[in-house]
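Enquirer: After the structure tokens below, expect a handful of questions from me.
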Amino acid sequence: MLKKDHKSNGNRLQTLLQGVISCLPVVIFLLTGTPAQAQLNSNIAGVNLAANLTTSLTVTASPGLVNFPLIRSGITNGSATITINTSWTLSPSVGSVKTYAYFTSAAAALTDGAGDNIPSTSVSESVDGGAFGAFTGVSPYAAASSVTVSTIRILGNNKSGTQSDTLNMRINTTGLNLPAANYTGVLTIQAQAL
Amino acid sequence: MRMGSLKSKGNALRMFLRGAIFCLPILFLLLAGTPAQAQLNSNIAGVNLAANLTTSLTVTASPGLVNFPLIRNGITNGGATITVNTSWTVTFLFGTVKTYAYFTSAPAALTDGAGDNIPSSSVSGSVNGGAFAAFTGATPFAGASGMTLSSTTIFIFNTTGNHSDTLNMRINTTGLNLPAANYTGVLMIQAQAL
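Protein sequences appear in the order of chains R and B.
152 is the number that the numbering used here gives to position 152 of the first sequence; each next residue is one higher, with no gaps.
2 is the number that the numbering used here gives to position 2 of the second sequence; each next residue is one higher, with no gaps.
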């Protein structure tokens, strides 16, 4: 009985060894991978990329409405600070970006539409918390009713950029002898790259 | 007279019989055809046939131009989806075929030619509709300005095959402060079998 078991075990071992031996080449082949082979590179297919960044110069101003509860003779501050953002993407040839605020009419910055006007000399501004000055300056857009909000020199590293400024406003009615009325006007904000 | 006539008929019969006997072999020869003979084979003129299926690895990419109408500060999608086809015939039974897209210069994937560049890290691609990733990966052809489009395992039955992929592209100009200009570059598509 013991002898038979020994014989049976021996046969199994022999079968196992035969199986391993027969599988060995396949296993070695799979483990070692492909035999040495040359690296093969393809042709190059080129895709041309064309990216166009166009020139742009944009201003935004917020809020869109400033109220002045005028007094008969004196200074009234505007109800809100105006924030002006200027953004640009320029070609390398541009030297500066200037942002202006102006009234199209120096004589009638605000009007009641009935011939009673507030001239731009009676409207003043403070840029970025600076001193107040009247809208009597020169700009490319209005001869004597403007202020320069900002001037940015364009150098090598800021051909694309943004600038933010604040503008507080006042109206001085001293000496205007205005009748009671609603006076309206538009302060125009515009930038120029040159 | 009658006897002469009989003699004449006998001669004619004899002549006929002689003629028939003389022609008989020829008649047999004609009717029986060629006499039996040994089979004769010619020499062999061997024509060598050489069919050479060469190793090949080819990529194509279409279209050949992708436009990007850039914005000053943000992401712009390419104007077209690129279709990349890779086809191969290789001699080895196990290996891989990988297809790559890359820029030859990481700092200047696109340039305006005046020193203003879009780096490959600002250009990203989406392969087969997957997530966008920047061209900052390593390939056998460029250090850190590429990406892998596809990887196909070669295993016995596909030593000849082809593969198609799509590639969508984006350019992100955020933080680049680029001047307005036309930026151009070439995306290289290349495959490698190994």
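Beta carbons: idealized from backbone N, C-alpha and C, even for Gly.
Would you say A50/R faces chain A, with C-beta separation under 8 Å as the test?
Expert: Within the model displayed, chain A is absent; protein chains R and B are what it includes.
Enquirer: What first and last residue would you give for the beta strand (DSSP E) that runs through A191/B?
Expert: Against the second sequence, residue 191/B aligns to sequence position 191. It spans 181 to 193 - the beta strand (DSSP E) in which A191/B sits, taken as one unbroken run.
Enquirer: What does N67/B reach in chain R if we use C-beta pairs closer than 9 Å?
Expert: Position 67 of the second sequence, counting from 1, holds the residue named residue 67/B. Those within 9 Å of N67/B in chain R are L49, A50, A51, N52.
Enquirer: Between the alpha carbons of P35/R and F92/B, how many angstroms are there, rounded?
Expert: Here residue 35/R refers to the residue found at position 35 of the first sequence. Here residue 92/B refers to the residue found at position 92 of the second sequence. Its pLDDT being 49, under 50, P35/R is placed unreliably by the model, and the measurement read from it follows with that caveat. The straight-line gap from Cα to Cα measures roughly 8 Å.
Enquirer: Apart from the five residues on each side of it in sequence, which residues of its chain come closer than 6 Å, Cβ to Cβ, to P140/B?
Expert: Counting from one through the second sequence, the residue named residue 140/B turns up at place 140. Same-chain partners within the cutoff: Q192.
Enquirer: Taking 7 Å as the cut-off, is the CB of T104/R close to at least one heavy atom of the ligand ATP?
Expert: For the structure depicted, the ligand ATP is absent and the ligand set is empty, with no information on it obtainable.
Enquirer: Do you know how far the Cα of A114/B is from the Cα of N182/B?
Expert: Taking the second sequence and counting its residues from 1, the one referred to as residue 182/B is at position 182. Taking the second sequence and counting its residues from 1, the one referred to as residue 114/B is at position 114. If you take the alpha carbons of N182/B and A114/B, they lie about 10 Å apart.
Enquirer: Is I28/R close to chain B, meaning its C-beta is less than 8 Å from at least one C-beta of that chain?
Expert: Residue mapping note: residue 28/R aligns to position 28 of the first sequence, counting from 1. No answer about I28/R holds up, because its pLDDT of 45 lies below 50 and its placement is not dependable.
Enquirer: Taking DSSP as the reference, what is the three-state secondary structure of T76/B?
Expert: Residue numbering aside, residue 76/B sits at position 76 when the second sequence is read from its first letter. Three-state DSSP puts T76/B in a strand.
Enquirer: Do T99/R and S150/R count as a contact pair if the criterion is CB distance below 8 Å?
Expert: Position 150 of the first sequence, counted from the start, is the residue given in the question as residue 150/R. Position 99 of the first sequence, counted from the start, is the residue given in the question as residue 99/R. A contact, by the Cβ cut-off of 8 Å.
Enquirer: If the cut is a Cβ gap below 9 Å, which residues of chain R does A133/B touch?
Expert: Your numbering for residue 133/B matches position 133 in the second sequence. Result: empty, since nearest Cβ-Cβ is about 17 Å, beyond 9 Å.
Enquirer: Across the region 120 to 138 of chain R and the region 46 to 53 of chain R, are there enough close Cβ pairs to call them in contact, namely three or more that are closer than 8 Å?
Expert: With the cut-off at 8 Å, the region 120 to 138 of chain R and the region 46 to 53 of chain R do not touch.
Enquirer: Taking Cβ positions only, does T58/B come closer than 8 Å to chain R?
Expert: Numbered from 1 along the second sequence, position 58 holds the residue referred to as residue 58/B. Judged by the 8 Å Cβ criterion, T58/B is in contact with chain R.
Enquirer: Compute the beta-carbon to beta-carbon distance between L154/R and V94/R, rounded to the nearest angstrom, for a pair I have assumed lies under 8 Å.
Expert: Along the first sequence, one-based indexing puts residue 154/R at 154. Along the first sequence, one-based indexing puts residue 94/R at 94. Per the sequence shown, residue 154/R should be read as Ile rather than Leu. At roughly 5 Å, the Cβ-Cβ gap stays under 8 Å, so I154/R and V94/R are in contact.
Enquirer: Restricting to Cα atoms, I'd like to know which of N177/B, T60/B, G125/B is closest to S87/B.
Expert: Mapped onto the second sequence, residue 87/B falls at position 87. S87/B has its Cα closest to that of T60/B, out of N177/B, T60/B, G125/B.
Enquirer: Roughly how many angstroms separate the alpha carbons of T159/B and N128/B, rounded to a whole number?
Expert: Stepping through the second sequence from its first residue, residue 159/B is reached at position 159. Stepping through the second sequence from its first residue, residue 128/B is reached at position 128. Taking the straight line from one Cα to the other gives about 23 Å.
Enquirer: Taking only three categories from DSSP, how would you classify S151/B?
Expert: The residue given as residue 151/B occupies position 151 in the second sequence. Strand at S151/B.
Enquirer: Could you pull out every residue in the same chain whose Cβ sits closer than 6 Å to the Cβ of T153/B, ignoring the five residues on either side in sequence?
Expert: Along the second sequence, read from residue 1 onward, the residue named residue 153/B stands at position 153. Contacts found: T96.
Enquirer: Inspect the beta-carbon positions of T166/R and I71/R and report whether they are closer than 8 Å.
Expert: Here residue 166/R is taken as the residue at index 166 of the first sequence, counted from 1. Here residue 71/R is taken as the residue at index 71 of the first sequence, counted from 1. No, the pair does not count as a contact, with Cβ atoms beyond the cut-off.
Enquirer: Cα separation between H163/B and T111/B?
Expert: As a first step, residue 163/B must be located in the second sequence, where it is residue number 163. As a first step, residue 111/B must be located in the second sequence, where it is residue number 111. Spanning the two alpha carbons is a distance of roughly 32 Å.
Enquirer: Distance, Cα to Cα, T174/B vs N73/B?
Expert: The residue you call residue 174/B lines up with position 174 of the second sequence. The residue you call residue 73/B lines up with position 73 of the second sequence. So the two alpha carbons sit approximately 4 Å from each other.
Enquirer: Give a yes or no on whether the minimum CB-CB distance between G33/R and chain B is below 8 Å.
Expert: Start at 1 with the first residue of the first sequence, and residue 33/R comes out as number 33. Low local confidence applies: a pLDDT of 47 at G33/R is under 50, so the model's placement there is unreliable, with the coordinate-based value given in what follows. Chain B contact via Cβ: present.
Enquirer: In the DSSP assignment, the beta strand (DSSP E) including K98/B goes from what residue to what residue?
Expert: As a position in the second sequence, residue 98/B is number 98, starting the count at 1. It spans 94 to 102 - the beta strand (DSSP E) in which K98/B sits, taken as one unbroken run.
Enquirer: Quick one, which of A191/R, L176/R, T184/R, L187/R has its alpha-carbon nearest G74/R's?
Expert: For the purposes of this step, residue 74/R is taken as residue 74 along the first sequence, with counting starting at 1. Considering only alpha carbons, the answer is L176/R.
Enquirer: Can you list, in chain order, the residues of its chain whose CB lies under 7 Å from that of F132/R, leaving out five sequence neighbours each side?
Expert: Taking the first residue of the first sequence as 1, we reach residue 132/R at position 132. So the qualifying residues of the chain are S124, E125, S126, R170.
Enquirer: To the nearest angstrom, how far is it from the Cα of A223/B to the Cα of L57/R?
Expert: With chain B covering only 1 through 194, there is no way to say anything about residue 223/B.
Enquirer: Which residues of the region 172 to 186 of chain B have a Cβ closer than 9 Å to any Cβ of chain R? Give them in chain order.
Expert: Here the close residues are T173, L176, N177, L178, P179, A180, A181, N182, Y183, T184, G185, V186.
Enquirer: So, helix, strand or coil for T60/R, using DSSP?
Expert: Here residue 60/R refers to the residue found at position 60 when the first sequence is read from its first residue. In the structure shown, T60/R sits in a strand (DSSP, three-state: E or B).
Enquirer: Using 10 angstroms around the beta-carbon of V47/B, count the other beta-carbons present and answer buried if the total reaches 16, otherwise exposed.
Expert: In the second sequence, counting from the first residue as 1, residue 47/B sits at position 47. V47/B comes out exposed.
Enquirer: My guess is that G130/B and A101/B are in contact by the Cβ rule of under 8 Å, so how many angstroms apart are they, rounded?
Expert: Sequence index remark: in the second sequence, residue 130/B carries index 130 (1-based). Sequence index remark: in the second sequence, residue 101/B carries index 101 (1-based). Not confirmed; about 13 Å, so no contact.
Enquirer: Looking at the strands, I want to know which residues DSSP matches up with N196/B.
Expert: There is simply no residue 196/B to check, as chain B begins at 1 and stops at 194 in what is shown.
Enquirer: When DSSP builds the beta bridges, which residues end up paired with D165/R?
Expert: As a first step, residue 165/R must be located in the first sequence, where it is residue number 165. According to DSSP, which records beta bridges pairwise, D165/R is partnered with I84/R.
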